[in-house]
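Residue numbers (my numbering): 124 to 210.
For every residue, glycine included, the Cβ atom is placed at its ideal position computed from N, Cα and C.
Owing to the predicted nature of the structure, the values given are computational and were not obtained by experimental measurement.
Contents: one structure, followed by commentary.
Here it is in structure tokens:
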């Protein structure tokens, strides 16, 4: 598919990916690619607000993790020469 067949979103997504691979700052990339910084920033914000395609239709999974520490009901604070014990 050539660039004339891309939707605006696809076109800007490709440009954002090119920017990310470039290692340049937004300002530098925009100058090199003759893109207004405000336009580029708009499309980056727009893409960040869009839910990830991978996350769509997925539900969170919770895992139970074993606890290796014993829980104590007392609080002990030591700052020599002072020791504080709280119930």
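Annotation for residue 162: the continuous alpha helix (DSSP H) segment containing it runs 160-172.
Here residue 200 has 207 as same chain residues with Cβ atoms under 6 Å from its own Cβ, once five neighbours each way along the sequence are excluded. In this structure, the beta-carbon distance from residue 152 to residue 142 falls below 7 Å. For residue 201, DSSP records a beta bridge to 206. Per DSSP, the continuous alpha helix (DSSP H) segment holding residue 134 begins and ends at 131-145.
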